[in-house]
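Right, dumping it as structure tokens:
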């Protein structure tokens with residue numbers, strides 16, 4: 021399964037991408053995370069349902085300095101990296 025997540029709130033400049041990358045690698049997921057120009061963070065990941073549910077819970081929690089107000093999830097059909105990467 022592959023999903024794309026769009027995370028809104030105070031999610032840039034607070035270590036959010038590196039938090040997501042660490043959690044995703046711990047869960048054994050492949051994909052990427054990056055900042056978007058509109059202030060949101062985009063994450064796309066591939067894994068099984070349990071792994072992706074755990075990632076979504078981590079996205080909703082965020083690191084200590086963040087404040088997540090919304091997480092949108094949609095299916096992702098495009099190719100993803102073989103590992104989990106932080107994109108600029």
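In our numbering, the protein residues as written are 21 to 108. All C-beta atoms in this analysis are idealised placements derived from N, C-alpha and C, irrespective of residue type, glycine included.
Only exposed fits residue 38, as fewer than 16 other CB atoms lie within 10 angstroms of its CB. Membership of residue 103 in any beta strand (DSSP E) is not indicated, and neither H nor E is assigned to it by DSSP. According to the DSSP assignment, residue 74 belongs to the alpha helix (DSSP H) that extends over 69-81. A residue is called buried once 16 or more other Cβ atoms fall within 10 Å of its Cβ, and residue 72 is buried on that count. Under the DSSP assignment, residue 50 falls in the beta strand (DSSP E) whose first and last residues are 50-55.
Counting along the chain, no beta strand (DSSP E) covers residue 86, and no H or E run does either. For residue 96, same chain residues with a beta-carbon under 6 Å away, outside a window of 5 residues either side, are 22, 23, 24 and 64 in chain order.
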